[in-house]
Amino acid sequence: MTTRPILTTESGAPVADNQNSQSAGPGGPLLIQDQQLMEKLARFNRERIPERVVHARGSGAFGYFEVTEEVSRFTRAAFLAEPGRRTEVFVRFSTVAGGLGSGDAVRDPRGFAVKFYTEEGNYDLVGNNTPVFFIRDPLKFPDFIHSQKRDPFTGVQEPENVWDFFSHSPEATHQFTWLFGDRGIPASYRHMHGFGSHTYQWVNAEGEAFWVKYHFKTDQGVRTLTAEQAAELHGRDPDSHQRDLHGAIERGLFPSWTLYVQLMPVAEAGTYRFDPFDLTKVWPHADYPLVKVGRLTLDRNPDNVFAEVEQAAFSPNNFVPGIGPSPDKMLQGRLFAYGDAHRYRLGVNHTQLPVNAPHATQAATYGRDGAMRADGNGSRSKNYEPNSFGGPAQTGVPLAAGIEVSGVTGSHRNPAHAEDDDFVQAGALYRVMSEAERERLVGNIAAALAQVPDDAIVTRALAHFAAADHDYGFRVETAVKALRG
Ligand code: HEM
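Just so you know, numbering that gives the first Met the number 0 puts 308 at position 309 of the sequence shown, and the rest follows in order with no gaps.
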């Protein structure tokens with residue numbers, strides 16, 4: 000017979016009975032002195048923390064990134080220094096609009112957030128499975144998300160809100176075309192690409208800077224679901240993505256992605272045909288071809304979903320030497336938003352949780368105290384800087400290169416580039432689709448748009464598709480009319 004460890008209260012005292020609450024005599028009311036009962040009920044009430052305001056539903060796994068090509072002439076990031084170098088990673092995939100308990104097989108972008116535990120600190124690349132996004136200014140993000148989430152009055156997602164926002168946001172036409180196309184519902188997290196989406200900066204050892212876009216190409220191949228397949232799967236197994244990822248890794252089928260980058264010499268940005276910092280645009284590969292970097296492999300499931308997935312905190316401004324931000328306004332907004340979200344959701348000491356703390360180096364800061372500090376809090380060391388006691392000191396070396404700016408402060412639109420408009424790339428995407436894909440795209444859009452009762456919203460939305468491509472607009476309009484009667 001195996002001896003079981005003794006069950007204790009949270010303060011470590013042995014529990015006498017974990018099946019029967021203490022009562023005032025058999026059949027009598029319960030006693031406040033029953034510490035096990037009080038503690039269990041009180042702790043249970045506090046199990047939930049605020050869910051992420053977006054990307055609440057997700058799945059995570061650990062693994063490694065291995066450099067396979069020489070890219071050190073573009074960045075001095077140590078973890079990319081030479082082929083063969085391996086860095087531990089944690090990746091969290093997610094849907095965007097649904098809450099923590101929502102289903103996986105839905106039409107929605109997927110988050111693709113990678114934490115590289117490098118020897119120079121954690122590098123977080125917090126991207127999506129789409130190369131572009133709906134909007135190009137962070138001021139619009141809360142409004143955009145409100146339009147996608149439950150309506151304050153009806154309590155359900157309203158097509159009217161989704162399409163009303165779209166009809167006032169022509170820059171979303173590219174992403175809407177992407178989302179309502181075949182790739183709008185990935186079959187699983189393993190069968191989709193990942194993108195950094197934004198433009199970032201790489202800087203090499205000589206101080207030479209490049210603008211860079213990241214592309215993780217799935218080695219499993221892209222697989223998607225039609226609207227009908229997704230509805231069936233969602234009904235049968237709401238946790239399909241979680242089950243797929245977890246099961247594959249448990250079976251030893253380790254998913255991997257090949258990382259490529261597009262690199263633009265900084266001097267070319269000003270005259271490029273598209274604004275290279277506009278998140279609603281891609282850089283066509285004909286302009287900037289893909290350069291291979293390495294492979295991301297996921298080979299270990301978290302031992303505990305709450306500890307390692309729910310408490311994971313990614314922040315786009317966790318950079319390492321050799322990598323930095325671009326002036327993309329959306330990215331700039333995100334550099335603030337994530338740390339703030341984590342301080343609210345997890346607390347000021349979230350950076351000490353095992354999944355978020357550096358693994359290949361140690362943090363050395365003068366930050367102290369705060370709720371739930373659990374790491375010794377700097378012990379006896381001085382908590383100010385400069386000091387005369389050998390405490391950590393600055394390097395004087397910026398992580399990335401400075402960005403040249405000019406002009407006056409104010410609420411500006413970015414300067415227009417030669418081929419910039421809100422529709423050109425949406426039209427191009429429509430035209431590269433096969434006839435069968437276009438058919439499904441038009442059907443998916445029409446099925447959603449036809450549910451909107453307000454004629455003015457429908458008319459404004461249709462105009463965006465027509466501006467992207469005459470045939471696209473005509474077909475969506477015809478399909479919507481047929482459905483609305
Ligand atoms: C200005 C625009 C944006 C704002 C203000 C914003 C804000 C947020 C916030 C507050 C969270 C929740 C963080 C948490 O509680 O842990 C979040 C999660 C996330 N966002 Fe954004 N977001 C923006 C745009 C984007 C874009 C453009 C992408 C992708 C390219 C993206 C990808 C993600 C991902 C992947 C997550 C989930 C991270 C995780 O798995 O923990 N977001 N965002």
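Just so you know, even glycine gets a beta-carbon here, dropped at the ideal spot from N, CA and C.
Proximity of residue i and residue j at Cβ, strictly below 8 Å
i      : j      : result
Leu262 : Phe194 : no
Gln174 : Lys280 : no
Thr94  : Pro82  : no
Phe92  : Gly110 : yes
Arg75  : Gly321 : yes
Leu345 : Ala312 : yes
Asp274 : Asp454 : no
Ala511 : Phe179 : Residue numbering for the chain in the displayed model covers 0 to 484; residue 511 lies beyond these limits and cannot be assessed.
Arg85  : Glu69  : no
Arg135 : Asp298 : no
Ala112 : Gly126 : yes
Phe61  : Phe89  : yes
Ala400 : Gly154 : no
Gly332 : Phe464 : no
Asn300 : Glu249 : yes
Lys212 : Thr223 : no
Asp368 : Asn376 : yes
Tyr188 : Ser58  : yes
His190 : Tyr259 : no
Ala41  : Leu30  : no
Val431 : Arg474 : no
Arg352 : Gln310 : The sequence given here places Leu at residue 352; Arg does not occur at that position. In contact: Leu352 and Gln310 (Cβ atoms closer than 8 Å).
Leu330 : Trp177 : no
Gly323 : Leu398 : yes
Residue i Cβ short of 7 Å to ligand 1 heavy atom set
i      : result
Met191 : no
Gly57  : yes
Phe43  : no
Val53  : yes
Tyr337 : yes
Gly332 : yes
Phe140 : yes
Ala112 : yes
His197 : yes
His341 : yes
Met329 : yes
Arg439 : no
Phe305 : no
Pro125 : It should be pointed out that residue 125 corresponds to Val in this sequence rather than to Pro. Yes, the beta carbon of Val125 sits closer than 7 Å to at least one heavy atom of ligand 1.
Phe464 : no
Ser93  : yes
Arg135 : no
Ala311 : yes
Phe318 : no
Phe132 : yes
Leu278 : yes
Arg344 : yes
Residue burial classification, residue i (beta-carbon count within 10 angstroms, cutoff 16)
i      : result
Ala415 : exposed
Ile184 : buried
Ala481 : exposed
His536 : No information on residue 536 is available, as it lies outside the stretch 0 to 484 that the chain covers here.
Asn386 : exposed
Arg412 : exposed
Tyr383 : exposed
Gln200 : buried
Pro452 : exposed
Ile48  : exposed
Ile402 : exposed
Phe422 : buried
Phe73  : buried
Arg379 : exposed
Gly426 : buried
Asn128 : buried
Glu267 : exposed
Asp468 : buried
Asn497 : With the chain covering 0 to 484 only, the question about residue 497 has no answer from this structure.
Thr117 : buried
Arg235 : exposed
Gly293 : buried
CB-CB length for residue i against residue j, believed under 8 Å
i      : j      : result
Asp123 : Gln241 : So it is not a contact: roughly 22 Å between Cβ atoms.
Glu50  : Leu6   : Between Leu6 and Glu50 the Cβ distance is about 31 Å, and since that is not below 8 Å, they are no contact.
Asp163 : Ile444 : So it is not a contact: roughly 15 Å between Cβ atoms.
Trp256 : Leu295 : 5 Å
Ala77  : Glu119 : 5 Å
CB contact below 8 Å: residue i versus chain D
i      : result
Phe473 : Protein chains in the displayed structure number just one, and chain D is not present.
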